[in-house]
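Notes follow once the structure below has been shown.
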Amino acid sequence: MAAHLAIAYTCPAIGSQDSLPKSLLSRVWGEEFTMHGIPYHDDMQVELAERFDNFGAPRHEQSLKASTSASDREDALSQIKDVPLEILYEILIHLNPSDLLTLSRSNRRLREILLNKSSRFIWKECLASVRGLPRCPPYMTEPQFSNLVFDESCHFCGGEGVKDVFWTCHVRCCSKCIKQQFVSEEELDSQIPEEVHVDKCASVFPYIVVNQYQPKQPTKALYYLPTAAKYLAELKDVVASQGSEGVDAWVKSKKASQISRIKFASLCEHWYNHWAARSIPRHSELPLFDLAVTAVLSSALIYLWKDRIFS
0 MAAHLAIAYT
10 CPAIGSQDSL
20 PKSLLSRVWG
30 EEFTMHGIPY
40 HDDMQVELAE
50 RFDNFGAPRH
60 EQSLKASTSA
70 SDREDALSQI
80 KDVPLEILYE
90 ILIHLNPSDL
100 LTLSRSNRRL
110 REILLNKSSR
120 FIWKECLASV
130 RGLPRCPPYM
140 TEPQFSNLVF
150 DESCHFCGGE
160 GVKDVFWTCH
170 VRCCSKCIKQ
180 QFVSEEELDS
190 QIPEEVHVDK
200 CASVFPYIVV
210 NQYQPKQPTK
220 ALYYLPTAAK
230 YLAELKDVVA
240 SQGSEGVDAW
250 VKSKKASQIS
260 RIKFASLCEH
270 WYNHWAARSI
280 PRHSELPLFD
290 LAVTAVLSSA
300 LIYLWKDRIF
310 S
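Residue numbers are given in numbering that gives the first Met the number 0: position 59 of the sequence shown equals residue 58, and the series is strictly consecutive.
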C-alpha cells in the first residue's frame, strides 16, 4: 500500500576529543565557563564520539551513561521555558513536522505551546516546507495530519515501524489491528437499514483494498469500522427524523465527502511513493539538542544585549 522509507545516514568522521574545537560559550566567556551537562552545538561531535566509545563499555557503564544522557536532554529542554515566545516561534518555524511532533511529546511546556491554536501557523509553515506534500485537509488539524504522515506507529496498538498508511481512512494500521478495525462489505451491508438504498458501499463509506497479505488471493474491500459505525448512527437518526428525502440528501453529502477523501488519498499516496524518502530527514535526537542549544544561546544573547534591544 505504501512505500517503505529507507533513509541512509553516514556518521561524520570523528577525531580525538583533544583535536575538537572548544565550545562556543567557552570561547566567549573563557575556560572557567561550566557546561552544566548541556551539550552545545559545537560539542555535538564530542557527544557522538562518546556514544561510539560506549559500544565497548561494560553494560552497567552503558546504562549509567544512557541515563545521564537522558537527564542532560531533560535539563536542556527545561531551559526553553525561559525563552521569549517570539524567539521560540522563530526557532520552531524552521523545523520539520516530524521534529515538531517529537518536541510536542517531550516537554509539557512545549506541548502546551505547540498544541495551542495560536501556534497553528508554525505547523502550517513546517508542513508547507516539505517538498511535494499535499495540504492538510480541512477536516483534520495540522498536528493530526503531521501525526498521520510522519509518525510510523499504529494508531490502535502503538506498534512501531508501521509503513502502511490508509489515506482514505486517515489511519496507520498494523496487520494485526486490521482484523479489529475493519469489516467486510457483507458485514457492513447487513447493518444498513432496509429502507435505505445505497448503490455501492464504497461510494459512501471509507474503505481500503487489501488481499489479506496473501498474494494469490483476490483483493477485497474492507471498511473502516469507527467511521462506518458513526455513519450508521447518523443514518438511523436521519431515517427516524427526516424520512426518505433526508436520507437522499445524507447519501448525496457522504458521496461528495467520499470523492474528496479519494482525491486527497491519491495525492498523498503519490507523495508517499515518490517524494517521502527524499523529503523526510533522518530520524535523530539531534534536533532536540539543536533546539535547546539555540534557545539557551538566544536567552544569553538577549540578556547581554538587553540594554540596546529594549532601550
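Think of the CB as a built atom: it goes at the ideal place given N, C-alpha and C, for glycine as much as any other residue.
With residue i and residue j assumed to form a contact (beta carbons below 8 Å), what rounded beta-carbon distance in angstroms separates them?
i: Cys125; j: Leu99; result: 6 Å
i: Lys123; j: Glu141; result: 6 Å
i: Leu187; j: Cys200; result: 6 Å
i: Val197; j: Val250; result: 6 Å
i: Gln180; j: Leu147; result: Not really, about 15 Å apart at Cβ, beyond 8 Å.
Looking only at its own chain, which residues have a Cβ that is under 7 Å from the Cβ of residue i, when we skip the five neighbours before and after it?
i: Trp351; result: Residue 351 is absent from the model: the chain starts at 0 and stops at 310.
i: Leu114; result: Ser103, Pro142
i: Ala255; result: none
i: Pro192; result: Leu234, Lys235, Val238
i: Arg119; result: Glu141
i: Gln190; result: Leu231
i: Lys178; result: none
In chain order, what residues of the same chain have a beta carbon less than 6 Å from the beta carbon of residue i, not counting five sequence neighbours either side?
i: Val27; result: Interpretation of Val27 is limited by its pLDDT of 34, a score under 50 that renders its predicted location unreliable; the figure taken from the coordinates is listed afterwards. Correct list: empty, nothing qualifies.
i: Ala264; result: Trp166, Thr167
i: Cys173; result: Cys153, Gly158, Val161
i: Ile121; result: Leu91, Ile92
i: Leu84; result: none
i: Ile207; result: Phe165, Leu221
i: Cys267; result: Pro133, Trp166
i: Ile258; result: none
i: Cys156; result: Cys176
i: Leu87; result: none
i: Thr226; result: Pro205
i: Glu184; result: Cys200, Ala220
i: Ala228; result: none
i: Lys116; result: none
Starting from the C-beta of residue i, find all residues in its chain whose C-beta is less than 8 Å away, skip the five residues before and the five after it, and write them out in chain order.
i: Tyr230; result: Val203, Phe204, Lys253
i: Glu194; result: Val238, Ser243, Val246
i: Ile261; result: Thr167
i: Trp274; result: Arg130, Gly131, Leu132
i: Arg171; result: Leu147, Asp150, Glu151, Ser152, Cys153, His154, Val161, Asp163, Val164, Phe165
i: Met139; result: Leu147, His169
Need the endpoints of the alpha helix (DSSP H) that residue i sits in, please.
i: Lys261; result: A small correction: the amino acid at residue 261 is Ile; Lys does not occupy that position in the sequence shown. Start and end: 224-273.
i: Tyr206; result: Where Tyr206 is concerned, there is no enclosing alpha helix (DSSP H), although the beta strand (DSSP E) it sits in stretches over 206-209.
i: Leu185; result: In the sequence on display, residue 185 carries Glu and not Leu. Element bounds for Glu185: 184-188.
i: Glu85; result: 84-91
**Request:** Identify every run of the alpha helix (DSSP H) within the region 98-130, keeping only runs that are complete inside it and at least 4 residues long; order them along the chain.
**Result:** Runs found: 107-113, 119-127.
**Item:** Every unbroken beta strand (DSSP E) inside the region 142-181 [3 residues or more]
**Value:** Here no run is fully enclosed.
**the region 237-245 touching the region 139-155, judged by at least three CB pairs closer than 8 Å** = Cβ pair count under 8 Å is below three, so no.
**Request:** Answer yes if the region 148-157 comes into contact with the region 242-251, meaning at least three C-beta pairs across the two stretches below 8 Å, and no otherwise.
**Result:** Because the criterion of three Cβ pairs below 8 Å is not met, the region 242-251 and the region 148-157 do not touch.
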